[in-house]
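In what follows, a structure is listed as structure tokens, so that the remarks can point back to it.
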Amino acid sequence: MSMFFIVVLIVLLNADQMVMSPNIGKIEEEFKVSDAQIGFVGAVFTVIGAVISLVWGYFADRYNRKRLLIYSILVGEIPCLMTAFSMNFGQFFFWRMLTGIGVGASFPIVFSLIGDMFDEVNRAKVAALMGAAISVGNILGMVVGGFVGPTFGWRVPFVLVSLPNVVLAMVALFVLQEPARGAFEKGIGELVRAGYAYPKVPKVEDYAKLVSIKTNFLLFLQGIAGTVPWGAIPYFLVEFFRRERGLSVELATLVFVVFGVGNILGTIIGGWIGAILYRRSKPLVPLFCSFTTAAGVWLTVLTFDYSNATGSGLYVLMLLGLLAALTDSLTGPNVKMMLLNVNEPQDRGRIFSIFNLTDSLGTGIGRWIGGLLSVGLGSLGAAMKVSAYFWLICSFFLFLLIFRFAKDVETLESQMEALAQQMEK
141 MSMFFIVVLI VLLNADQMVM SPNIGKIEEE FKVSDAQIGF VGAVFTVIGA
191 VISLVWGYFA DRYNRKRLLI YSILVGEIPC LMTAFSMNFG QFFFWRMLTG
241 IGVGASFPIV FSLIGDMFDE VNRAKVAALM GAAISVGNIL GMVVGGFVGP
291 TFGWRVPFVL VSLPNVVLAM VALFVLQEPA RGAFEKGIGE LVRAGYAYPK
341 VPKVEDYAKL VSIKTNFLLF LQGIAGTVPW GAIPYFLVEF FRRERGLSVE
391 LATLVFVVFG VGNILGTIIG GWIGAILYRR SKPLVPLFCS FTTAAGVWLT
441 VLTFDYSNAT GSGLYVLMLL GLLAALTDSL TGPNVKMMLL NVNEPQDRGR
491 IFSIFNLTDS LGTGIGRWIG GLLSVGLGSL GAAMKVSAYF WLICSFFLFL
541 LIFRFAKDVE TLESQMEALA QQMEK
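Using our numbering, read the sequence shown as starting at 141 and increasing by one per residue.
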């Protein structure tokens, strides 16, 4: 029941991220702003939330995560609701910034919970489920914005995606359960499940230790580079098909949904394959991620180069986009699993807050860069293709993890076994 509620809360919270995208043109027209300014709104939405999540990550390692998750949901949804009542671009900017805080704060809390609810092998599958929930949320926001906005105006979708989650957050207060920290760690998990309290607590000075773990550091770097396209492409995708392929907002939104289905399938399949590879040989996980990330670049560029969006050509476009999104998404759940499996239980909230910061810097800046490139190159399609090439940098850092990931897992297991011996004494 707890996992079900977490998934539903995350789906609805992440609908906030993409709800404005199908109506970018309407918002720009009403407030008389450009792609670059709207891109900057997306950047601030993501980056401010990620910076604030550093604090929430520390709280997640120290305090009750159930209550923290509910607070973060409310912090995000109430400003999202207020966005609908913006009278000028300044107010719109302000409410979107506050909404980003709630979205960013939830990320480290959720993955800290996952680390203590499942063992090291199943974490890839659960991370895939959470990644799918985020993707479903993005699609839900896009669908609500794309199909409701053209008829009822761009403001109504913000109300529809925010209000239900305010109610569910209050219900979750009585439904969610707080798992015992360290309950599924090798060596120490049995003691925790038997009633021993996990003894370690987070310290501010431990942040330096987290960055010193090679797997963490390489995943941070790939997160920054790889999420530039994840920021620019989904954010401007509907507007690209409307503006440069001549589709209606509704049809462009439908194309986005097909791409989103590919993203969800890729996330689920990637987590399932990652769990199998992890059992066989841990270095196979980053090798798989590196290869599929590079392949995704080629498929993504091919999709944007395909210009026939009419008749049967539209179905070809959808198929290309589905395959590209599926391939691009295979890596995501395995990155999160690798982070969970090399960090101690009392560090996971903070490590995911740092990862969210680096990840969101790429996403937020990617949206801004996407808007700037669109203005500079005179084409959204060209801007998104340039953004896609950043995934090659991501592939390079993932390849380097082949030589490091397994060693860091072994180091964590040794630390937990030593801690278990101390607790037994």
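Note that beta-carbon positions come from the ideal geometry of N, C-alpha and C, so glycine has one too.
Residue i versus the options, residue with shortest Cα-Cα distance
i	options	result
F298	F258, F225, L194	F225
F428	A272, C534, P219, I146	C534
D468	G289, F492, G410	G410
F185	A264, A312, G216, G281	G216
I249	M563, G453, E379, S193	S193
R383	S447, G277, G366, V315	S447
F545	G489, E557, L480, A560	L480
M585	V151, L238, E550, M143	Within the shown structure, residues of the chain are numbered from 141 to 565, placing residue 585 beyond reach of any answer.
Y455	K476, V395, G406, G414	V395
G406	L214, L269, N262, A245	L269
F381	M524, Q555, W196, F357	M524
S315	L209, I416, V283	Sequence inspection shows Val at residue 315; the Ser mentioned does not correspond to that position. Of the listed residues, the one whose Cα sits closest to V315 is L209.
L520	V148, I146, G179	G179
E564	A264, E330, L417	E330
F145	V296, N305, V475, Y198	N305
G436	P374, M458, L463	L463
A415	F543, N262, T355	N262
I241	W438, V296, P423, A183	A183
CB of residue i within 8 Å of CB of residue j, strictly
i	j	result
G537	Q362	Rather than Gly, the amino acid found at residue 537 in this sequence is Phe. Their beta carbons are under 8 Å apart, which means F537 touches Q362 by this criterion.
F495	A365	no
I167	W294	yes
V389	P485	no
G230	A372	no
L517	A176	no
P369	L541	no
V401	A392	no
S174	V515	yes
F360	T223	no
E553	K326	yes
G281	A465	no
I404	A323	no
M556	I328	yes
T471	L460	no
L300	V288	yes
A528	Y418	no
F492	G285	no
R490	G255	no
L350	N483	yes
V397	I279	yes
G277	L152	yes
M237	I164	no
Where the alpha helix (DSSP H) through residue i begins and ends
i	result
K109	A question about residue 109 goes unanswered here, because the residues of the chain that appear run from 141 up to 565.
G179	175 to 202
W438	424 to 445
Q82	Because the chain here runs from 141 to 565, residue 82 falls outside it and cannot be looked at.
A455	According to the sequence as given, residue 455 is Tyr; it is not Ala. Where Y455 is concerned, the enclosing alpha helix (DSSP H) stretches over 452 to 468.
W370	354 to 384
V395	389 to 420
S527	520 to 528
A268	263 to 292
I254	229 to 255
K166	164 to 171
V296	296 to 315
K476	472 to 480
D548	545 to 564
S142	142 to 158
Residue burial classification, residue i (beta-carbon count within 10 angstroms, cutoff 16)
i	result
P342	buried
S421	exposed
R205	buried
S302	buried
V181	buried
T432	buried
N228	exposed
V307	exposed
Q103	Outside the displayed span of the chain (141 to 565) sits residue 103, for which this structure offers no information.
F251	buried
A334	exposed
A348	exposed
K172	exposed
G451	exposed
A245	buried
S212	buried
M310	exposed
A337	exposed
V266	buried
L313	exposed
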